[in-house]
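Single-structure report; data block below.
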Amino acid sequence: MQTVGKILRSEREKKGLSVKEIEFATSIRTLYITAIEEDNYSVIPGEVYVKGFIRNYSNYLGLDSQEIMDLYRKDQNPNTLTDESLSPVSSKVDADKPVKKNNLPIKWITISLLAFCAIGGTWWFLGSAKSIQEPNVEKQAQSTPTIPNQVTKEQSVTPVAPAVLKKPVTLTAKYTDQCWTLVTADNKIIYEGTPQAGETLTWEAEQNITLKVGNAGGIDIVYNGQSMGKLGIKGEVLVKTYGK
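For the sequence shown, the numbering used here assigns the number 117 to the initial residue and increments by one for each residue that follows.
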C-alpha cells in the first residue's frame with residue numbers, strides 16, 4: 117500500500133536527490149524529512165508542523181500537494197466517510213420525495229383575474245383625474261419664489277466617508293525566502309500557507325497575533341509600523357506572539 121512517506125521517498129530517489137539537498141532547499145531538518153519518509157510523525161512537534169512539512173516537501177518535488185495531503189488525512193483517519201459515499205443515499209432520498217402538484221381551483225384563478233381588472237380600471241381612472249389637475253399644480257409651482265442661497269447651501273454639502281480604523285495589532289511579513297507560515301489572530305487561525313520570496317502579507321488583530329514558521333530567517337517583520345528585522349535564523353522553526 118502506498119503511503120505519503122513511500123511516495124515522497126520514491127520521488128526523491130527518482131530525481132537523484134539526497135536528504136541533505138532536500139533540507140537545504142526546503143529548510144526542513146533532516147530528522148523531520150527522514151521521519152516523514154518512514155511515516156513516523158511522532159518525532160515532529162505537532163500536527164500543524166507535520167502538514168506544513170509534507171506540503172513543502174511535495175511542492176519541492178513537483179508533486180500535487182493537495183493529493184498528498186488527502187492521502188495523509190486518509191491514512192490518519194481511515195474510517196472517515198467521504199462525500200462520494202454519501203451522495204447515492206442523498207440522491208435516493210431526493211428521488212423518494214413526492215412531487216407536489218398545483219391543485220389551485222379554476223374559480224380562484226377567475227376571481228384573481230377579475231380583481232386584477234378592477235384594480236387596473238381604478239388606477240387608470242385616478243391617473244386620468246391627476247392629468248386633468250396637473251396644469252393648476254404646475255402654475256402654482258411656478259408662482260412660488262425660490263431661494264437661491266438655500267439651494268446653493270444644500271448643493272455645497274459633501275458627505276464625508278467614515279474613516280477606516282485599523283485594529284490595535286498590525287503585523288506585516290516580508291518574505292525573502294520560501295517559508296511555511298501559520299498565523300493565529302486572537303486565538304483563531306486566519307492563515308496557513310507557504311509564501312515565496314518577494315511576497316508581503318499583513319494581518320490585524322484586537323489582542324495578539326502568533327506566528328509559527330518553518331524558516332524564521334526568510335521573514336522580515338514590521339510590527340505596528342515599526343521594522344523588527346529578521347524573525348530568526350535560516351531554517352529555524354519558531355513560534356512568536358505579538359500583542360498590544
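Backbone N, C-alpha and C define an ideal beta-carbon position, used for all residues, glycine too.
* Note down the Cα distance separating Asn-324 from Ala-301, rounded to an integer number of angstroms. => Straight-line spacing of the CA atoms in Asn-324 and Ala-301 works out to 6 angstroms.
* To do: If I'm right that Tyr-291 touches Gly-334 with Cβ under 8 angstroms, what's the distance once you round it to whole angstroms?
  => Contact between Tyr-291 and Gly-334 is confirmed by a C-beta separation of about 6 angstroms, below the 8 angstroms threshold.
* Asked: CA-CA distance, Ile-305 and Leu-317?
  -> Answer to the nearest angstrom: the Cα atoms are 15 angstroms apart.
* To do: Measure how close the beta-carbons of Pro-284 and Cys-295 come, nearest whole angstrom, since I'm counting them as under 8 angstroms.
  => For a cut-off of 8 angstroms, the C-beta gap from Pro-284 to Cys-295 is around 26 angstroms, too long to register as a contact.
* Identity of the residue in Leu-230, Glu-320 and Thr-288 nearest Lys-346 by Cα -> For the residues Leu-230, Glu-320 and Thr-288, the minimum Cα distance to Lys-346 belongs to Thr-288.
* To do: Would you mind stating whether Gly-330 and Phe-140 have Cβ atoms separated by less than 9 angstroms?
  => Against a cut-off of 9 angstroms, the Cβ pair of Phe-140 and Gly-330 comes out as no contact.
* Thinking Asn-172 and Ile-144 are a contact (beta carbons under 8 angstroms), I'd like their distance in whole angstroms, please. => For Asn-172 against Ile-144, the beta-carbon gap comes to about 6 angstroms, under 8 angstroms, which counts as contact.
* To do: Please report the residue range of the beta strand (DSSP E) in which Asp-336 lies.
  => Where Asp-336 is concerned, the enclosing beta strand (DSSP E) stretches over 335-339.
* Asked: Cα separation between Leu-327 and Glu-129?
  -> Pairing Leu-327 with Glu-129, the inter-Cα distance amounts to about 33 angstroms.
* To do: Let me know the secondary structure DSSP gives Leu-179 once reduced to three states.
  => It is coil, neither helix nor strand.
* Nearest candidate by alpha-carbon position, reference Val-353, set Val-120, Met-117, Gly-162 and Glu-137 -> Nearest option by C-alpha distance: Gly-162.
* **Per DSSP, the bridge partner or partners of Asn-193** => The partner list for Asn-193 (beta bridge, DSSP) is empty, contrary to what the question assumes.
* To do: Specify the secondary structure class of Glu-322 as computed by DSSP and reduced to three states.
  => Three-state result, Glu-322: coil.
* **Residue burial classification, Val-159 (beta-carbon count within 10 angstroms, cutoff 16)** => Exposed.
* Please confirm if Lys-167 has its CB atom under 9 angstroms from at least one CB of chain C. => In summary, chain C is missing from the structure at hand, where a single protein chain is found.
* Other residues of its chain near Lys-350: CB distance less than 6 angstroms, five sequence neighbours each side excluded -> Counting only Cβ-Cβ distances below 6 angstroms, and skipping sequence neighbours, we find Gly-333.
* Asked: Where does Ala-231 fall in DSSP's three states?
  -> The answer is helix: DSSP assigns Ala-231 an H, G or I state.
* Report the three-state DSSP secondary structure of Tyr-353 (helix, strand or coil). => For clarity, residue 353 is Val in the given sequence; the question names Tyr instead. Assigned with DSSP and collapsed to three states, Val-353 falls in coil, not helix or strand.
* **Collapsed DSSP secondary structure at Leu-347 in the structure displayed** => Collapsing the DSSP output to three states places Leu-347 in coil.
* **Thr-142 burial status per 10 Å Cβ neighbour count (16 or more: buried)** => Its Cβ being crowded by 16 or more others within 10 Å, Thr-142 is buried.
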